[in-house]
Amino acid sequence: MPRKDFQRDLRQAANAQFPYLSNIKAGDNDGSIAFRFFHRAESIKIEFQAVVSDSSDYPRLHSYFVFTTSDDVPKEITAAVEGVQPLLEGVSIARLLATVSQVVQSAIYGEDSLSDSLEKIGSDDEVEYDYEDEEWEATSDGHVLASMKPAAEARSMLRRDLRVVKNAGFKLGYLGIATGSVIIVVSCRVSKLGISEDAMQAWDVKPSEYLVLLLRYPSAYRNLEELLRNVGNRMPLLQMYVGLCTSYKPSHEDAVRVFQGSTAEQQQSNGPAESGAPGGASGPGIRRLFIDRAINSLLNERLLTIISYRLKLGLSWTGAELYAHQFQGKPSNFEDQLSDEYFEPDSWSSGTPDLLMADHVVDSNLGKSQLSLPVLAMQFTLRHFVKCTEFCLVCHCRVSTEFEALKPFVCSNNLCLYQYMALGMGPSLEYEILSQPYVVDLLISLTYCRAKSGRLEDFPTGLGMKVPGGLGWTIKANLERNYYNPSNQQPALRPKPTATFYTAELNSASLELRVDDNERPPLKVGDWIAIMGFESDKDTNANNANANDSNLYLYNYMDMPPSGKGQWHSRVQLIDDRIIHISSPINYSDLVAGPKKGESQKGKKDTVRTVKFVIYDQNFDKLDDNEKRGVIPLILNTLPSLEAMTQYLNMASDGGSLALWKDLISPAALDILRWIVASNRSFIMLDGDDNPEHLVPGMEGYVQFRLVQGAPDKEQKFESAVRKHTANPKHPSIFTWHGSPLCNWHSILREGLNFKYTANGRSCGHGVYMARDFASSTGYSQQYGYTAYNDWPQSKLRISMAISLNEVVNATTNFVHASNVYVVSQVDWIQPRYLFVKCENAPPTSKAPAASLVYKQDPALTVVGPTGHNLALPTSKLGGRGQQLRQMSKVDQTPKVQPVKETPASKQAKNPPAKRAAPKSTAKKPKRRRTKNNEPEPEPESEPRPGPGPEIPTIDLTAKDDDTASVATLYEDLEILLSDAEDEEPVDVIPKTDFVPGTLDESTLPILSHPKHASSSATKALQQHLKVTLETQNREYPGALGWYVDPKLINTVYQWIVELHSFDPDLPLAQDLKKANLKSIVLELRFPPKFPHAPPFVRVIRPRFLPFQNGGGGHVTAGGAMCMELLTNTGWLPTATIESVLLQVRMALCSQDPAPARLLNGGIGDYTVGEAVQAYKRACQTHGWGVPDNLNKVSWS
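Right under this line is the structure:
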């Protein structure tokens, strides 16, 4: 039995030894093999899988498809593995493994040709299983860990790196302990990254979300130098993950779950997870990126190697990535002189935020022992996130294409396309169908039309699709047109392959095929077949209109011209000797919303006829381009309609996967459908009743799609071109139509508007042809002989014409031609905005309402619609231009302000140097520590120090933070930045202060006695907290802390009286205090019996603050209680220190967003605890925060 032979040989191979191979086992799919290549000396580890074409053909008639599941494989190795695959047909598993091992070794060292490598292996019978002299990978996962750091040193190292993170402008989070398992969170708001609205919508990210980088150190925190020494170890000291979060950090529970693999797997659903969905019981969750798998594999498998090359060779990110890809897995000599390509600087477009262009390696000029890996990792992450369209999602190489895409894809390597599709790295097909069925319908229809017109040039190769042999192959290519064949050369047509046709008797009632004993086809359950021979039935491929076409024979059955004969496409369900049971056949006129069981769609005929059938056994990759153009429409004709697929997905109880609809969608049809959707690199969205404000009035009768093309910074380039080249600043841009035959739009959506090919002549010069008049452009949209037979039969839309409306720089004098038509050669001057489609069955849409804000067009160059009237274009859908226009309309309504006279300094700021200078560090110069008497410490002696030691960056913890929403949950993260008792530099310049401790009058304060609700656990914890707080206070200069606890005013540890003082004199609050002749703000902290598991109650005693409803801020309620999430059940953590709580209260009072804290003029009397408690409850109810159960117990008197 062949299957038993396969399983036997696999078991033998798993127990044998092959050079550098291990972990040999059954693969992910039936009939597949998984194994690992590990070369310890070269630090190369590659995971392989080999899929057998048919295990029932083993061991003589089978073939293998070998590919890697690792993402850091050098191109030399992938090319070598691809090249050897044709020679693996019919070989045993043992020879397969030995061949792959030898070929990979040869690719690493470049010593042998492919033939030499195969000669070393010998024949199948000569393969042996014993290689005792080779170096093997250990079966255990153990490794030698770096030595553990002392707790103080680890914490100091972490503190130093995180201060660099803060100074670099990122938000930071901290989960765990520095000397144990710890997760560092570095994040940045998406709105800070300079990404256009269109790109954010296409990438499914929101400007309010955070791009969050998690760095998990399983054993303890390690600096960059330690991590670089550990590169290549099988158990890394660092794991990384990038995702999205509504807060600057996710909950601890969700962060841990990410590295356990469950979060990423759970979100591989039909659509992106809801961004607001909580991740756990204690905080926000993390949502996966649209490039989740690609960017996370890049970080974990290549980042440290790339950094090491940067430091060793002095390369930029661009050069180091190129070097890492070309030399990964190969021995490299750093002494060799490198070519100029490795020293290519990192390129950024004008207007890129400084946060993205910052380079920690260049800007800091530090050694690797002092560089902060979290900063480097975040800068690298941001670079690949905002430039994701420039890199292949699998091999991470730069994509060499002239078209700037809005969505990322893979390079031209067939193996990359296979892994992209097989590993599910692209967008979810099911989600796209459910969310935008008309867009998917549009994409399929355009691909279908392109293929049937003979002009399709890009194909889903590399997937190993099996298609029916001999069907859909063309006899003659369409080579007359300049567009398809610019050189006008007639290549020699190769002979059409001979397909194997089998004869059988078909019982259409029982869906059974009976074959003769002497003609049994090599079929197995699950195979697909195409059956011919229905004289009176409709043709599945709807090719009747093509019968008289003299240029193309798109469907050439059995070497005969198209005759309109029908076809059935069915799946083999059961083989019983000579009887083959098939599924309900697919015929485009009979497609239904779901598979029918137990009945035949053709059962009513009750006839038995002789038919011929062909098996889906031809490898699509081996067809020539003309044959592929014929097969793609044939396979697409077997697809059900989008309406049927949507109905199936909505009703399916199996999770809604089209792959499970096995009897109605063949694997080949599903692969082509996935490729059509995934390879679309434009952003297309249907405008309709869901967003009527975006509809363009006057375009009734056409379906309107929002169309965005180009790189994420294409809008910025367009805006730059508008500012630089417009001839009319009052009307800087105009709108024009671009018409093209329907068969061209598949290419336009993938490559953008260009003029590489000549479709309609170049009588007016070279460039993109456009016109202001709709009627002029529709003349270019004619079918040119291609009629309705080019329509995908299952299309709901039934498209007959497409035309785009584009925004163009108003510089007509610089156009190539500007009379009856416009010819523009500068592609950056053109920005597509809409795609209008003429359909037979348009989706129901209400009439477009009059736009409240329209684009003010140049009166002499207004765009004209189908009715001959000028069009009014709503600014709501004009990308960045629309946003600017909406803002301008608001500005126009405000009073004009007298311009400020420019100073020489301001003029200089407006004209930065052409070459970007390295960003200056925001860390202030360290100054000498002051004593408690506000005297500076004496200058240190000038004797030499033992060594330079790592410089610890300083940081201003009281600086204004733009993310005020996160103030309430930031305290545990800033705590790590505070100084311990270690001997290190002060954290900031110490301001002078006029605050005098111990001046409060006890008689004016509500001093309490020991409460009746006191518990022994809370008392013990509070005593410890008080001790630590007073020790910190005694050690530091008062002006450095900004708070003071008078021990004389503590009658019970359950009540603390605290003064906040020494505020920045530029703050309105500090100015109000000075005006009122006050030196401090007096707080009261009351602790519940469940402390530290319940938060303290913090309120202001005096002075009174301006209420929020009257324009006040500072997070102080009308009753004086602090309105902060960290002081509620929702945000409180038992690990918080009182020092960090006081720091956060102080930061809240200093916050000026949405308004600064101000004192109430003429405010008389202190706040009472009763009104504070009531205001605290109202605030919690408003924000949805949890109120502590024992709140009433803290209001004792």
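For what it's worth, this note's numbering labels the leading residue of the sequence shown as 1, then goes sequentially. Just so you know, even glycine gets a beta-carbon here, dropped at the ideal spot from N, CA and C. On a predicted model such as this, the values are computed, not experimentally measured, just so you know.
Inset, instruction - Go ahead and pull the three-state DSSP assignment for K171. - result: Here residue 171 corresponds to residue number 171 of the sequence shown, with the count starting at 1. DSSP places K171 in strand when its eight states are reduced to three.
Inset, instruction - May I have the straight-line CA-CA distance separating E807 from H869, to the nearest angstrom? - result: For this step, residue 807 is matched to residue 807 along the sequence shown. For this step, residue 869 is matched to residue 869 along the sequence shown. The alpha-carbon atoms of E807 and H869 are separated by roughly 18 angstroms.
Inset, instruction - With a threshold of 8 angstroms, establish whether the CB of Q618 neighbours any heavy atom of the ligand MG. - result: This structure does not include the ligand MG; it has no bound ligands of any sort.
Legend entry - With 16 other Cβ atoms within 10 Å as the buried cut-off, status of P284: Along the sequence shown, read from residue 1 onward, the residue named residue 284 stands at position 284. It is buried - the Cβ of P284 has at least 16 other Cβ atoms within 10 Å.
Legend entry - Three-state class that DSSP yields for Y248 in the structure shown: On the sequence shown, residue 248 is found 248 positions in, with the first residue counted as 1. Coil at Y248, not helix or strand.
Legend entry - Reference M157; option with closest CA among E226, E209 and Q105: If you number the sequence shown from 1, residue 157 lands on position 157. It is E226 whose Cα lies nearest to the Cα of M157.
Inset, instruction - With DSSP collapsed to three states, give me the class of D994. - result: To locate residue 994, count along the sequence shown from 1; it is residue 994. Note: D994 maps to coil in three-state DSSP.
Inset, instruction - Assess, as a yes-or-no matter, whether the stretch 497-517 is touched by the stretch 631-642 under the definition of 3 or more beta carbon pairs within less than 8 angstroms. - result: no
Legend entry - Rounded C-alpha distance that separates P1088 from Y1054: As a position in the sequence shown, residue 1088 is number 1088, starting the count at 1. As a position in the sequence shown, residue 1054 is number 1054, starting the count at 1. Roughly 7 angstroms separates the two Cα atoms.
Legend entry - Per-residue DSSP class, three states only, for N1198: One cannot answer for residue 1198 here, as it falls past the ends of the chain, which runs 1 to 1197.
Legend entry - Assigned secondary structure, G503 (DSSP; H/G/I helix, E/B strand, else coil): Numbered from 1 along the sequence shown, position 503 holds the residue referred to as residue 503. As written in the sequence, residue 503 is Thr, which differs from the Gly given in the question. Here T503 sits in strand by DSSP.
Legend entry - Length-filtered (4 minimum) alpha helix (DSSP H) runs lying within the stretch 1040-1123: 1068-1075
Legend entry - Closest Cα partner of D624 within the set L1000, I286 and P460: On the sequence shown, position 624 is the one that residue 624 refers to. Of L1000, I286 and P460, the residue nearest in Cα terms is P460.
Legend entry - Endpoints, beta strand (DSSP E) assigned at M801: Walking along the sequence shown from the start, residue 801 turns up at place 801. Its beta strand (DSSP E) spans residues I799 to V809.
Inset, instruction - Specify, as a first and last residue, the run of the alpha helix (DSSP H) that E512 falls within. - result: Stepping through the sequence shown from its first residue, residue 512 is reached at position 512. E512 -> not in any alpha helix (DSSP H); beta strand (DSSP E) instead, spanning E512 to R514.
Legend entry - Residue of Q709, D687 and V708 minimising C-alpha distance to E700: By one-based count along the sequence shown, residue 700 stands at place 700. Of the listed residues, the one whose Cα sits closest to E700 is D687.
Legend entry - Inter-residue spacing [alpha-carbon to alpha-carbon] between S1062 and C1180: As a position in the sequence shown, residue 1062 is number 1062, starting the count at 1. As a position in the sequence shown, residue 1180 is number 1180, starting the count at 1. Whole-angstrom Cα-Cα distance: 30 angstroms.
Inset, instruction - Check the C-beta distance from I306 over to E321 and give it rounded, since I have them as a contact under 8 angstroms. - result: The sequence position of residue 306 within the sequence shown is 306, counting from 1. The sequence position of residue 321 within the sequence shown is 321, counting from 1. Rounded, the Cβ-Cβ distance is 6 angstroms, consistent with contact.
Legend entry - Secondary structure of Q49, DSSP reduced to three states: The residue given as residue 49 occupies position 49 in the sequence shown. Strand.
Legend entry - Short Cβ contact (9 angstroms threshold) for L1149 with A1076: Position 1149 of the sequence shown, counted from the start, is the residue given in the question as residue 1149. Position 1076 of the sequence shown, counted from the start, is the residue given in the question as residue 1076. No, the pair does not count as a contact, with Cβ atoms beyond the cut-off.
Legend entry - Segment limits, beta strand (DSSP E) that includes Y64: The count along the sequence shown starts at 1 and reaches residue 64 at position 64. Unbroken beta strand (DSSP E) run through Y64: Y64 to T68.
Inset, instruction - Mind checking who H817 pairs with in its DSSP beta bridge? - result: In the sequence shown, the residue the question calls residue 817 occupies position 817. Answer is V823.
Inset, instruction - Helix, strand or coil for C411, going by three-state DSSP, please let me know. - result: The residue you call residue 411 lines up with position 411 of the sequence shown. Coil, per DSSP.
Legend entry - S666 versus A652: straight-line alpha-carbon distance, rounded: What you label residue 666 is simply residue 666 of the sequence shown in a count that begins at 1. What you label residue 652 is simply residue 652 of the sequence shown in a count that begins at 1. Each residue's alpha carbon lies about 18 angstroms from the other.
Legend entry - Sufficient close CB pairs (3 or more, under 8 angstroms) joining the stretch 1008-1027 to the stretch 1109-1127: no
Inset, instruction - Identify every run of the alpha helix (DSSP H) within the stretch 685-765, keeping only runs that are complete inside it and at least 4 residues long; order them along the chain. - result: 714-725 and 745-751
Inset, instruction - Tell whether a beta-carbon distance below 9 angstroms holds between K796 and D441. - result: Against the sequence shown, residue 796 aligns to sequence position 796. Against the sequence shown, residue 441 aligns to sequence position 441. In contact: K796 and D441 (Cβ atoms closer than 9 angstroms).
Inset, instruction - Could you work out which residue in I734, G765, D1166 and R772 is closest to K856 when comparing CA atoms only? - result: As a working note, residue 856 is residue 856 in the sequence shown. Among I734, G765, D1166 and R772, the Cα nearest to that of K856 is on I734.
Legend entry - Per DSSP, cross-strand counterpart(s) of M157: Counting from 1 along the sequence shown, the entry for residue 157 is found at position 157. DSSP lists no partner for M157.
Inset, instruction - Return yes when the Cβ of F38 is within less than 9 angstroms of the Cβ of V100, no when it is not. - result: By one-based count along the sequence shown, residue 100 stands at place 100. By one-based count along the sequence shown, residue 38 stands at place 38. The answer is no: Cβ separation not under 9 angstroms.
Inset, instruction - Could you check what DSSP says for W528 in three-state terms: helix, strand or coil? - result: In the sequence shown, the residue the question calls residue 528 occupies position 528. Three-state result, W528: strand.
Inset, instruction - Output the distance between the C-alpha atoms of T999 and S187, rounded to the nearest integer angstrom. - result: Here the question's residue 999 lines up with position 999 in the sequence shown. Here the question's residue 187 lines up with position 187 in the sequence shown. Cα-Cα distance, rounded: 43 angstroms.
Inset, instruction - Apply the 10 Å Cβ neighbour rule to T1183 and answer buried if 16 or more other Cβ atoms are within range, or exposed otherwise. - result: Your numbering for residue 1183 matches position 1183 in the sequence shown. First, the residue type needs correcting, since residue 1183 is His and not Thr in the sequence shown. Counting Cβ neighbours within 10 Å, H1183 comes out exposed, since fewer than 16 surround it.
Inset, instruction - For my contact list, A451 and I632 are in at a C-beta cut-off of 8 angstroms; report their separation, rounded to the angstrom. - result: Within the sequence shown, numbered from 1, the residue matching residue 451 stands at position 451. Within the sequence shown, numbered from 1, the residue matching residue 632 stands at position 632. The Cβ separation is near 4 angstroms, so the contact holds.
Legend entry - Cβ neighbours of V827 in the same chain (closer than 8 angstroms, five flanking residues each side left out): Working through the sequence shown from its first residue, we reach residue 827 at position 827. Excluding residues within five positions, the ones whose Cβ falls inside 8 angstroms are G752, L753, N754 and V768.
Legend entry - Close beta carbons around G351, own chain, < 6 angstroms, minus the five adjacent residues each side: In the sequence shown, the residue the question calls residue 351 occupies position 351. Counting only Cβ-Cβ distances below 6 angstroms, and skipping sequence neighbours, we find Q716.
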